[in-house]
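Take the sequence shown: its position 66, counted from the start at 1, is 70 in our numbering, and no numbers get skipped. Cβ coordinates follow ideal geometry from the N, Cα and C atoms, glycine included. This one's a predicted model, so the numbers in the text were calculated from it and none came from an experiment. For reference, the structure discussed in these notes is given below.
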Amino acid sequence: MKTIKVEEIMKVLLDSWSLESSSKWSKDNPAKGQCGVTALVVNDILGGEIRKTKLPDGWHFYNFINKKRYDFTDSQFLENITYNDLLSNREEAFADTNAEQYYYLKQKVSTALFS
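Below you can see the structure in the form of structure tokens.
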């Protein structure tokens, strides 16, 4: 099994995010609206936990792997995030996306990492 580095996943995510993975995506802000779907796909690949923090626009999801926080979509925000690191789950993160967006991003990321 190939060992995946966090930096490698970040690059693949940037190349994979699109309107197909979030209706809020834009060229100027590719991470916009990608938190739930990204947390799910990263969880599929690297395991760990899905965590959440309450922000003015709603819940923000990210990953917690080997006792470390990884927020692959924090670039969507202008302000710094004060993290609550509340334990979440796949069901809550999935409520932030839909099956089409999830399967699209999972396929794009998996193909880029494992092909």
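Integer-rounded CB distance, given that residue j should sit under 8 Å from residue i
i	j	result
residue 68	residue 53	4 Å
residue 36	residue 25	In fact, because the Cβ distance is near 11 Å, the residues do not count as touching under 8 Å.
Top-ranked residue by Cα proximity to residue i, from the options
i	options	result
residue 74	91, 55, 63 and 60	55
residue 76	23, 33, 6 and 7	33
residue 107	9, 64 and 43	43
residue 89	105, 81, 79 and 72	72
residue 112	9, 41, 11 and 28	41
residue 79	39, 23 and 22	39
Which residues DSSP lists as bridging residue i, in chain order
i	result
residue 69	72
residue 94	None; residue 94 has no bridge partner.
residue 57	64
Three-state secondary structure assigned by DSSP to residue i
i	result
residue 104	helix
residue 77	coil
residue 115	helix
For residue j and residue i, the rounded distance between their alpha carbons
i	j	result
residue 48	residue 110	8 Å
residue 101	residue 86	23 Å
residue 70	residue 7	15 Å
residue 23	residue 16	16 Å
residue 11	residue 29	21 Å
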